[in-house]
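Take a look at the structure below.
Numbering (UniProt numbering), first residue to last: 1 to 296.
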């Protein structure tokens, strides 16, 4: 599997810097004494062409992303509804939903494991979303074999204390501006802010998986969902739930997050807490009863 960055003539110096940053992040993470993380894609090598293009080669561990899975699943729901297939066999419908819930939770669990590994090794992801999670299968019956892997580390940030004290980093200016606005100035505070920022993005990923995968096609997209959470309800998840409960098209997403007496909403509220200091670390998200699968 190849990823191509345009040469300087086409993409400017930024493309070269992104390629170098992604290559360095993978090389560092893959050199860990703890061994390879199964929830990160594996970089095999890289080369530059005569035209200046930067090519990164990754082990092929799947061609579909979490975004592809969610889109295809929502389209399948729409197709079944239009064909009138959703109501005649309630038992089969319930089995499909159970499999889907298990698959989505395992997907999210794997993505968080990859993120926790990065944070344990002093690296932020900084562009986490449904397109940056690659899947080795999108067949819900094969959930037992599902291994999600994080990719797209071109904006990854080194948050080792040495780096925070010496080098602000190529792609981290915006991050540290937001950190300062939130009152994080010391290296320790900036590190905590960066980790919490990744966790916030992971919270938006969980919301996306709930509201796109369990609803019909085009009912919700990532931008509309983010606007709903951040602008309309200002990260008040209880108010968001009440709003969604009144819309039949969003009912299965609400039911999914309702599992375990609202465990999904509880986790989302924690991950999207406006106060970065109150957000859980990635490891705590993995161990939460919703992510751990205790609600199934």
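Beta carbons are placed, not taken as given, at the ideal position from N, Cα and C, and that holds for glycine.
CA-CA distance, residue 139 to residue 184, rounds to 43 angstroms. By the Cβ test, the region 249-258 is in contact with the region 202-219, since at least three Cβ pairs between them sit closer than 8 angstroms. In this structure, residue 276 places its C-beta atom within 7 angstroms of the C-beta atom of residue 193. When secondary structure is reduced to three states using DSSP, residue 290 falls in the coil class, being assigned neither helix nor strand. Residue 129 is not a Cβ neighbour of residue 39, given a cutoff of 7 angstroms. DSSP links residue 141 through a beta bridge to no other residue. In the structure shown, the three-state DSSP call for residue 235 is coil. In the structure shown, the three-state DSSP call for residue 275 is coil. Counting C-beta atoms within 10 angstroms of its own C-beta, residue 172 has 16 or more neighbours from the protein chains shown and is therefore classed as buried. With respect to the 7 angstroms criterion, residue 25 and residue 153 are classified as neighbours on the basis of their beta carbons. In this structure, the CA atom of residue 150 is about 16 angstroms from the CA atom of residue 35. In this structure, residue 264 keeps its C-beta atom at 7 angstroms or more from the C-beta atom of residue 233. With fewer than 16 other Cβ atoms from the protein chains shown falling within 10 Å of its own Cβ, residue 145 counts as exposed.
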